[in-house]
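In our numbering, the protein residues as written are 313 to 735.
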């Protein structure tokens with residue numbers, strides 16, 4: 313699968329490119345409100361005297377609104393450009409969360425409306441960044457390495473973000489944490505949209521179609537698979553809580569989640585440090601297989617030390633799977649829909665994770681902790697089966713006679729497609 317040559321320059325080559333570091337950092341800061349939303353909202357609700365059920369309801373409303381808003385805003389970005397959509401959306405989202413923080417739980421209808429507003433207008437910065445990489449980095453191998461760096465950076469954000477919220481709560485209050493994190497999100501979005509690549513970026517001409525990016529069979533196949541990857545990951549987070557409770561050591565949960573993130577970070581770093589040969593669609597099947605295989609040992613539920621090691625192993629192939637999926641999305645998204653297509657991936661993954669968390673609950677109650685972790689293994693295997701079953705539609709879009717859009721994507725905003733056979 314991999315060539316012997318290590319990618320020249322590694323990540324320094326990517327971060328040294330003009331605008332690259334600013335875009336990556338701005339996107340990560342801009343996504344802090346979304347990455348820390350559930351924990352910040354839960355801490356705020358509990359501080360206000362609300363129940364865990366109320367916190368769960370508000371977080372669910374925020375998540376559903378986010379799932380609806382991401383592809384819609386992604387399509388708007390493709391049509392109108394990044395600055396005209398990303399920054400106003402970031403401001404509206406922050407205002408929604410500020411309203412929630414300042415009015416509290418006195419009026420539940422208002423609280424729900426505020427978090428729905430915040431979720432619905434969360435800017436699609438994640439998809440926007442991936443749409444920018446080709447124009448910033450040029451060569452396809454550099455873009456692929458940037459996708460791996462992007463996946464690694466996400467793991468850092470999901471590790472550092474909750475720590476930041478916890479620190480803000482300890483120093484000030486949960487309400488202050490909500491306000492500060494969302495203010496940082498606006499500043500991050502502003503940094504991105506004021507950059508030259510964001511201001512200059514224009515989507516390719518697109519065919520008017522109400523389905524937008526979803527008219528691509530290959531993209532639909534990928535989304536179907538990633539729903540179950542998200543389901544697997546979501547079930548692990550709930551099963552890990554049950555495991556910690558069972559052991560009588562709540563801190564074990566933190567160690568398991570940290571190990572999962574560390575494994576993903578290590579896997580992403582190693583994956584992005586090499587140049588990979590062959591079609592990414594075939595490589596994705598192998599990576600998802602390895603991801604599923606590494607989820608299965610979690611059902612053994614050994615002692616905390618060994619379980620922490622298994623959690624790290626379970627995370628190793630997550631970032632590589634994400635990085636490879638980003639490439640596949642770019643290859644199969646219909647012309648002019650790339651931001652929307654990436655946003656659909658975010659939405660599908662998030663919905664899968666939410667349903668995985670929900671599915672793990674009954675499994676834990678009916679058959680114990682091992683059954684909760686078994687949901688993750690089953691989710692990984694079903695994700696693989698979806699890829700195998702849709703191999704015909706999720707083939708190589710650059711094969712002769714397939715998806716002629718790539719033949720017409722020579723220049724403009726996405727010069728990376730002029731070098732489809734570089735690897």
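Every residue gets a Cβ at the ideal spot worked out from N, C-alpha and C, and that includes glycine.
Per DSSP, residue 457 is one residue of the alpha helix (DSSP H) stretching across 452-483. Taking a C-beta distance under 7 angstroms as the contact criterion, residue 326 and residue 457 qualify as a contact pair. Residue 703 sits exposed, since fewer than 16 C-beta atoms from the chains shown fall within 10 Å of its C-beta.
Boundaries of the alpha helix (DSSP H) harbouring residue 631: 630-644, taken from the DSSP string. Taking C-beta atoms as the reference points, residue 450 and residue 654 fail to come closer than 7 angstroms. Residue 671 is positioned such that its CB atom lies closer than 7 angstroms to that of residue 687. Sorting 414, 514, 639 and 490 by C-alpha distance to the C-alpha of residue 354 places 490 at the top. The Cβ-Cβ distance between residue 500 and residue 381 does not fall below 7 angstroms. In chain order, 666 place their CB closer than 6 angstroms to the CB of residue 375, counting only its own chain and leaving out the 5 sequence neighbours on each side.
Contact between the region 595-612 and the region 472-489 is absent: fewer than three C-beta pairs spanning the two stretches fall below 8 angstroms. With a beta-carbon spacing of about 19 angstroms, residue 651 and residue 347 fall beyond the 8 angstroms limit used to define contacts.
Under the DSSP assignment, residue 508 falls in the alpha helix (DSSP H) whose first and last residues are 508-512. Within the same chain, 426 come within 6 angstroms of residue 411 by CB-CB distance, once the 5 residues on both sides are set aside. Relative to the Cα of residue 419, the nearest Cα in the group 362, 336 and 344 belongs to 362. Annotated three-state conformation of residue 669 is helix, per DSSP.
For residue 694, the enclosing alpha helix (DSSP H) begins and ends at 681-701. Taken through DSSP and simplified to helix, strand or coil, residue 613 comes out as coil.
Within the same chain, 659, 662 and 663 come within 6 angstroms of residue 379 by CB-CB distance, once the 5 residues on both sides are set aside.
With a minimum length of 4 residues, the unbroken runs of alpha helix (DSSP H) contained wholly in the region 378-433 fall at 395-415 and 420-432. With a threshold of 16 other beta carbon atoms within 10 Å, residue 435 meets it and is buried. For residue 704, there is no enclosing alpha helix (DSSP H), as DSSP gives it neither H nor E.
A Cβ-Cβ distance of about 6 angstroms is found for the pair residue 550 and residue 684, placing them in contact under the 8 angstroms criterion. Taken in chain order, the whole alpha helix (DSSP H) runs of length 4 or more contained in the region 520-574 are 529-559. For residue 447, the enclosing alpha helix (DSSP H) begins and ends at 437-449. Shown here, residue 495 sits in a helix according to DSSP, grouped into three states.
At the C-beta level, residue 645 and residue 463 stay beyond 7 angstroms of one another. Around the beta carbon of residue 446, a 10 Å sphere encloses 16 or more other beta carbons of the protein chains shown; the residue is thus reported as buried. In the structure shown, the three-state DSSP call for residue 362 is coil.
If you look at residue 343, you'll find it isn't in any alpha helix (DSSP H); DSSP assigns it neither H nor E.
Per DSSP, reduced to three states, the secondary structure at residue 652 is helical. Put simply, of 690, 384 and 365 the residue whose alpha carbon is nearest the alpha carbon of residue 523 is 384. Cβ atoms of residue 707 and residue 628 stay farther apart than 8 angstroms, at about 27 angstroms. Here DSSP, grouped into helix, strand and coil, assigns residue 373 to helix. It is roughly 11 angstroms from the alpha-carbon of residue 334 to the alpha-carbon of residue 509.
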